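Visitor: Residue numbers (the numbering used here): 66 to 1029.
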Amino acid sequence: MEKIKRYFHKSLARQFIGLMGGFIAIFFVGASLLLFYQQSTTNDFERKREQIEKKEKYVEQLDRAFTQAFLDVRGYLAFGRKEFKQSVFRQKEAVLLTLKQLKPLAHTTEDQQFLDAADSFATYYFDQLVKQAIMEFENGNIQAVLKISENGGTAAIEQFQRQLMDYHQTLKTQLDDEYVNFITKQTKSQMAFVGLILLILLVLMIIIRMMTKQIGKPLTEFAIAAEKFANDEEYREWPLLSERNDEIGKLSRAFQKMIYSIQEKEENLVAQNEELLAQQDELESQQAELEQALEMMQLREQELKRRNDFINGLSNSLKKQEVLDSIVCNMCKVMDADRGMIVLLNEQKSHSAFGLSEQGVQQFLAYMDNGLSQRLLKTKQSFAVKRELPASEKSYYEETLYSYDLLLPVLSAEQEVEAVMMFSRFSGEFLPYEIEEYERLAKQVSISLQKIRLYEESEKDRRMTQDILNNIQEGIQLVDRNGVNLMMNTQLANFLKVDVNTISQTPYEQWKELLLQKVVDEKNLSQYLDNVLFHAGNEIKSFTYHVKDEKKVIQMYAEPLYRGTERFGMIFVHRDITKEFEVDQMKSEFVSTVSHELRTPLSSVLGFTELMLNKELKPERQRKYLTTIYQEAKRLTALINDFLDVQRMESGRQTYDKKYEDIVPIIQNVIETQKVNTAIHQFVVEKETDRTIVLGDRDKLAQVFTNLISNAVKYSPDGGTVTVRIYEQGDRLNIDVVDEGLGIPAEAMPHLFTKFYRVDNSDRRRIGGTGLGLAIVKEIVKAHDGEVTITSEVKKGSTFTVRLPLVAVEMDHGSDAQTDRGVSVIIVEDDRNLASLLEAELSDSGFNVKSFKNGKEAIEAMKAMKPAAVVLDIMLEEGEMSGWDVLKEMKVDKELSSIPIVISSALEETEKGLTLGASDYLVKPYQPSQLSKTILQILLKQERHGEILVPVTDEYDRDEEKSE
Ligand code: ADP
C-alpha cells in the first residue's frame, strides 16, 4: 500500500492517469451494470409475455375445440350425421394435443389447476358423457340422451366453460401485471443511470479539486515567484514544495537551483560588466588615438594622391624642354601656385616658366647670382618669403596684397643643387608641412632630370658610336643569332641603297636579298652567309665579292659577338679592297712588264758586253756596241726613274720646286731632245699667245712634255708631224700635243692614266713601254692644279691636252711700273690728322695713296682699285668694323687675300696681327718714313720673286738631279 502511494506521489502524470483510470472504470462498470439490468428486465418481460400469450393461444384453441366438439355432438345428436361424429373425435384429438402443449407452460398453481380441470373435463366429456350419449343415441334412446344432459352434462359443460373464461381472464391479468412490473423496473434503471451520472460528476469534481490543489496552486505561486524574480526583486528563499517528489517538486528545485545559479552568474556578470566598462574606457581612449592616426593617414593619403598626380602629370618624354614644362605646370597645380619657374644649372641655363613674362624670366636668369637664388645655392635648403605685391601685380585690387614665394632646390644624387625652382602663391602662405611635401616632390623632379641626363648621355654615346661606325670606311652590320639586322652603318646602307632607319630589325632573308642583288657571284656569297651564321664552327671567316656594274671589290668578314660566354650575334665588315685588288693586279702586270722591259735592255747589255769580252772587235764596232749598251743602260735608268717617280708621287713624298716659268722654252727643249731619236717625224710648235708663264717645277713640267712627245713619236710608227699648240682658254694656258699615229681605242681611254696600263693590241705589241708615262703625267699636272685630257681617233692620231693655270702678274713682269706713281696704297685710319700725315709721307715716297675712316668703304675701294698694299689701323670708329674685322674679311676674299697688309696700331698685338695674315705690324708712334720703308721692302720681296722668272738655262739634265 505504502509502495503504491509512493509510486503515485512521485509523478503528477501518474496521479492524473490513476485518477482518470479509476474514473473511467467506475463509469464503465456502472454503465455496464445498468445496461445489463435493463437488458435482463426486458428479456424477462418479453419471455413472460410470450408464455402468457402462448397460454392464451392454447386456451383459445382449447375453447374453440371444445365449442366445436359441443356443436358437433349436438349436431350429430340432432341430425345423426356421421360427419359430426367424426369431427367430435377430431376435436377430441385437438383438445388432447393442446393440453399436451399447454402442460409444459403450466408453472403457476392456477395454471396447474386449470390444466387439471381441463384434463379431467376432457376425459369426462369425451370418454363418459359423449360416449354414453352417442351410444344411447345410436341405440335410439333419445330419452336417455336427454337424461344424461339433464343429469349434469350440460351443467358440467357450462362450468368448464366458465372455468375456461376465468383462466383466460387470469392470463390477461397476469400479462398486465407483468407489463406494469416491467415498466417499474425500467423506471428504476433510468433512475439508477441518472444516479451514475451524478456520481461521475462528483468524482470529476473531486479530481478537479485535487488537481487544482496539487498543481494549480503551486504553479500560481511559482509564477508569482518567477515574476518577482523576473522583476528583479530581491530574492533569497524559494518557498515552494521542495519536499515534493513529483514534477512540480523537481521543477521547483530546478528552478531554485537555476535562480541561485542565475544570481551567482549575475554577480559574475556584474563583475565582468565592470571590467568591460573599464575596458571600454580604455578602448575609447585608443579609438581617440586611432582617429588621430587616421587623420594623419588621410593627410598622408592626400599627399600621396597629389604626389601621384604630380608623377603621372610629369611628361614621360625624354625631351628636356617638355619635361621642364611639365614639371613647372604640375608643381604649380599641386601647390596651387600662380607662377613658377625652374632653371637648370647647366651651361645653357635650360628653364621653363609658368605664368611669367619673357622679361620676368630673363630677369630671373640675369640675377641668378645674387639675391634669393644665391641663398638657395648656398644653403641648399628651401625657404619661403612673404612680400607685398607691387601695383603692377595687383590688377584692380586696391587693398594690400601679398605674394608668398617658395624657393626649392633640386638636389642631385651627389647632393649638389642641379636646378632651382621658385613658385609664387597669392592665396596663402606655404605651411611647413606643405614645404616638406614639396621638397619630396623636388626629389621626384631630380629623378626626372636624372633620367633625362642619363638619356642624353646614352644618346650622346649612342650617337658617338653611330658616328664612329658611320665614319669608318668599312660597311658594318650587326645581326643577331637568327640573322636579323640589329644595326647597319650608313656606308653599308648607302651601298645597299636603303635607309639606315628603315633597315633596322629587317630579317635575314630580306637584307641578304638586297645584298645579293648588288653582287656578281651571289650564289657563293649566299652560301658563305648561311655558313657563317648558321653553321658555327665553320672557319671561313672572309669572303671577297665583286660589285655588279662597278669596278669595286669588297672583302667581307664575319666575327661572332659574345656577351660573356654567350654568342648573341655576328658582326659583318665589308671592306673596300678595290685598291689592294688593283694593286695586286698591277703587281702582277708590273712583274710581267718589268720582266719584259728589264730583260730586253739587259739582254742587249749582256749580249754586247759578252761579245766585246770574247771577241777582238774593230774600234768602230766596239764603239757601236758600246753606244748600244749605253743607250740600253740609259733606258733601264729611265725605267727605274719612272718607277721611283710614280712611287714618290703616289706616296705624296714628291716635292715640287715651283717658280714662275715660261712654258715655251721647256717644250722647245724637249722637242730638241726627242728630235735626235727619230728621222721620220716632223715637230711643229704653234704659239698662239704671249702669256705663257706658269707657276711650276721646271723639271717636272719638262718630264710631262717629254712623256707626251715621246709617246706621240712612239705611237706613230709610220712617222708624221707632231704638233705642239700653245694657247689661252679662259684663265688657263692649254698645251696640245697632236700626233698622226695609231690613235687610242675608246674603251682604253678611261684607263690610260692608270699605272702599268698599256693598250694591248697587235699594232703596238712590239712598241716597248711600262705603262707609267701617262700616270706620271697625270700626277705632275695634278700637282700643278691642272688637268690632262685626250681626244683620239684610231689610226688617225691623238691629241693630249694639258691645261695649266695662267699667272696674272706675269704681264707686269719686266715693266718698270712697279715703283711708279701707278702703285697705289690704301690707308684705313680713323684719326684724320694721322691719316693725312701718312698720306703725305707715302705720296712723297711715290705711292698713289687713298685713305678711309671706315672699314666697309675701304674694302669696297680695295676691290675697285686693287692696291699694292694696305695700311690698317685696328681701333676704328665705334660701332663700325674694327681693324681685325677688315683684316679677316680681306683674308677670306679671294681677290683681296693676297694684298699685303701693314698694321699701324697703338695696340701691342703683333703676334695676333701676324697670325691673322698681316705682312708687318707697326706700333704707334712710329716714324712715318718707317711705314714707307716697310711697304717698299714688302713690294721688293714680291719683285724678287719676279726676277726668278727670267728665262731659264737651256740645259736639261735629269740624271744629274736624280742623282742628288
Ligand atoms: P708606255 O708608253 O710606256 O706604254 P704610257 O703610259 O706612256 O706607257 O702610255 C700608255 C699607253 O697609252 C700606251 O701603251 C699606248 O698604247 C697609249 N698611248 C700613249 N700615247 C699614245 C699616243 N700618242 N698615241 C697612241 N697611243 C698612245
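Yeah, the Cβ is synthetic: ideal placement off N, Cα and C, and Gly gets one too.
Bear in mind that the values here come from a model prediction, so they are computed numbers and not experimental data.
1) Can you tell me where the beta strand (DSSP E) with residue 527 in it begins and where it stops?
2) With a cut-off of 8 Å, do at least 3 Cβ pairs link the stretch 218-226 to the stretch 96-104?
3) With hydrogens ignored, establish whether the beta-carbon of residue 614 is closer than 7 Å to any heavy atom of the ligand ADP.
4) Would you say residue 376 and residue 509 are within 8 Å of each other, going by their C-beta atoms?
5) With three or more C-beta pairs closer than 8 Å as the rule, is the stretch 672-682 touching the stretch 841-851?
6) What is the DSSP secondary structure of residue 404, reduced to helix, strand or coil?
7) How big is the Cα-Cα spacing for residue 395 and residue 368?
8) For residue 543, which beta-bridge partners are listed by DSSP?
9) Against chain B, does residue 735 count as a neighbour if the rule is that its beta carbon must be under 8 Å from one of theirs?
10) Could you pull the DSSP bridge partners for residue 720 from this structure?
11) How far does the alpha helix (DSSP H) with residue 486 in it reach, from first residue to last?
12) Flag this pair as yes or no: are the beta carbons of residue 967 and residue 924 separated by less than 8 Å?
13) Could you spell out where the beta strand (DSSP E) holding residue 47 opens and where it closes?
14) Drop a sphere of 10 angstroms on the beta-carbon of residue 137, count the other beta-carbons inside from all chains shown, and report buried for 16 or more, exposed for fewer.
15) Using a Cβ distance threshold of 8 Å, determine whether the stretch 247-255 contacts the stretch 78-95, with at least three qualifying pairs required.
16) Rounding to the nearest angstrom, what Cα-Cα distance links residue 230 and residue 112 in this structure?
17) Please report the residue range of the beta strand (DSSP E) in which residue 792 lies.
18) Mind checking which residues open and close the alpha helix (DSSP H) that includes residue 419?
19) Please report the residue range of the beta strand (DSSP E) in which residue 870 lies.
20) Which class does residue 689 belong to by DSSP, given the choice of helix, strand or coil?
21) Give me the Cα-Cα distance between residue 209 and residue 194, rounded to the nearest whole angstrom.
22) Beta carbon of residue 495, beta carbon of residue 449: below 8 Å?
23) Three-state secondary structure (DSSP) at residue 59?
24) Just checking residue 665 against the ligand ADP - is the residue's beta carbon closer than 7 Å to any of the ligand's heavy atoms?
25) From the DSSP output, which residues share a beta bridge with residue 987?
26) Hey, is residue 732 close to the ligand GDP, as in C-beta under 7 Å from one of its heavy atoms?
27) Quick check on the burial criterion: 16 or more other C-beta atoms within 10 angstroms. Buried or exposed for residue 417?
28) I'd like the span of the beta strand (DSSP E) that includes residue 627, first residue to last.
29) At which residues does the beta strand (DSSP E) containing residue 187 begin and terminate?
30) For residue 889, report the span of its beta strand (DSSP E) as first-last.
31) In angstroms, rounded to a whole number, what distance separates the CA positions of residue 276 and residue 334?
32) Going by the CB atoms, is the gap between residue 572 and residue 1041 shorter than 8 Å?
33) Taking a contact to mean a Cβ-Cβ separation below 8 Å, would you say residue 142 touches residue 198 in this structure?
34) Along the chain, which unbroken stretches of the beta strand (DSSP E) at least 3 residues long are found entirely within the stretch 307-385?
35) Give the DSSP-derived three-state secondary structure of residue 296 in the structure shown.
36) Can you name the start and end residues of the beta strand (DSSP E) that residue 760 belongs to?
Guide: Looking at the atomic coordinates:
1) In the sequence shown, residue 527 corresponds to position 462, counting from 1. Looking at the DSSP string, residue 527 is not in any beta strand (DSSP E); the run it does join, the alpha helix (DSSP H), is 497-536.
2) no
3) For this step, residue 614 is matched to residue 549 along the sequence shown. No - the ligand ADP has no heavy atom lying nearer than 7 Å to the Cβ of residue 614.
4) For this step, residue 376 is matched to residue 311 along the sequence shown. For this step, residue 509 is matched to residue 444 along the sequence shown. For residue 376 and residue 509, yes; Cβs fall inside 8 Å.
5) no
6) Counted from its first residue, the sequence shown places residue 404 at position 339. In this structure, residue 404 counts as strand in the three-state DSSP scheme.
7) Position 330 of the sequence shown, counted from the first residue, corresponds to residue 395. Position 303 of the sequence shown, counted from the first residue, corresponds to residue 368. Between residue 395 and residue 368, the C-alpha separation is close to 14 Å.
8) The residue labelled residue 543 in the question sits at position 478 within the sequence shown. Bridge partners of residue 543: 552 and 636.
9) As a matter of chain content, chain B is missing from the structure shown, which is built from one protein chain.
10) Here the question's residue 720 lines up with position 655 in the sequence shown. Paired residue(s): none; residue 720 is not in a bridge.
11) Taking the first residue of the sequence shown as 1, we reach residue 486 at position 421. From DSSP, residue 486 is part of no alpha helix (DSSP H) but of the beta strand (DSSP E) over 482-490.
12) In the sequence shown, residue 967 corresponds to position 902, counting from 1. In the sequence shown, residue 924 corresponds to position 859, counting from 1. No.
13) Summary: the structure shown does not reach residue 47, with the chain confined to residues 66 through 1029, and so no result is reported for it.
14) The residue given as residue 137 occupies position 72 in the sequence shown. With 16 or more other Cβ atoms within 10 Å, it is buried.
15) no
16) Counting from one through the sequence shown, the residue named residue 230 turns up at place 165. Counting from one through the sequence shown, the residue named residue 112 turns up at place 47. C-alpha separation (whole angstroms): 23 Å.
17) Here residue 792 refers to the residue found at position 727 when the sequence shown is read from its first residue. It spans 785-794 - the beta strand (DSSP E) in which residue 792 sits, taken as one unbroken run.
18) Sequence index remark: in the sequence shown, residue 419 carries index 354 (1-based). Element bounds for residue 419: not the alpha helix (DSSP H) but the beta strand (DSSP E), 416-419.
19) Working through the sequence shown from its first residue, we reach residue 870 at position 805. Note, residue 870: beta strand (DSSP E), 862-870.
20) Position 624 of the sequence shown, counting from 1, holds the residue named residue 689. Three-state result, residue 689: helix.
21) By one-based count along the sequence shown, residue 209 stands at place 144. By one-based count along the sequence shown, residue 194 stands at place 129. Taking the straight line from one Cα to the other gives about 11 Å.
22) Taking the sequence shown and counting its residues from 1, the one referred to as residue 495 is at position 430. Taking the sequence shown and counting its residues from 1, the one referred to as residue 449 is at position 384. In this structure, residue 449 lies closer than 8 Å to residue 495 by Cβ.
23) Nothing can be reported for residue 59: it is not among the residues displayed for the chain, which extend from 66 to 1029.
24) Here residue 665 is taken as the residue at index 600 of the sequence shown, counted from 1. No, Cβ of residue 665 sits at least 7 Å from all heavy atoms of the ligand ADP.
25) Numbered from 1 along the sequence shown, position 922 holds the residue referred to as residue 987. Beta-bridge pairing links residue 987 to 969.
26) The ligand GDP is not among the ligands present in this structure, which contains only the ligand ADP.
27) The count along the sequence shown starts at 1 and reaches residue 417 at position 352. Buried, by the Cβ-count rule.
28) For the purposes of this step, residue 627 is identified with residue 562 of the sequence shown, where counting begins at 1. 618-628 is the span of the beta strand (DSSP E), which, as asked, contains residue 627.
29) Residue numbering aside, residue 187 sits at position 122 when the sequence shown is read from its first letter. It is not in any beta strand (DSSP E) - residue 187 instead sits in the alpha helix (DSSP H) that spans 174-187.
30) Numbered from its first residue, the sequence shown carries residue 889 at position 824. Its beta strand (DSSP E) spans residues 889-893.
31) As a working note, residue 276 is residue 211 in the sequence shown. As a working note, residue 334 is residue 269 in the sequence shown. Answer to the nearest angstrom: the Cα atoms are 40 Å apart.
32) The first residue shown for the chain is 66 and the last is 1029, placing residue 1041 beyond what the model contains.
33) Taking the sequence shown and counting its residues from 1, the one referred to as residue 142 is at position 77. Taking the sequence shown and counting its residues from 1, the one referred to as residue 198 is at position 133. Cβ atoms of residue 142 and residue 198: closer than 8 Å.
34) none
35) The residue given as residue 296 occupies position 231 in the sequence shown. Residue state, collapsed to three classes: coil.
36) Working through the sequence shown from its first residue, we reach residue 760 at position 695. Segment 758-761, the beta strand (DSSP E) holding residue 760.
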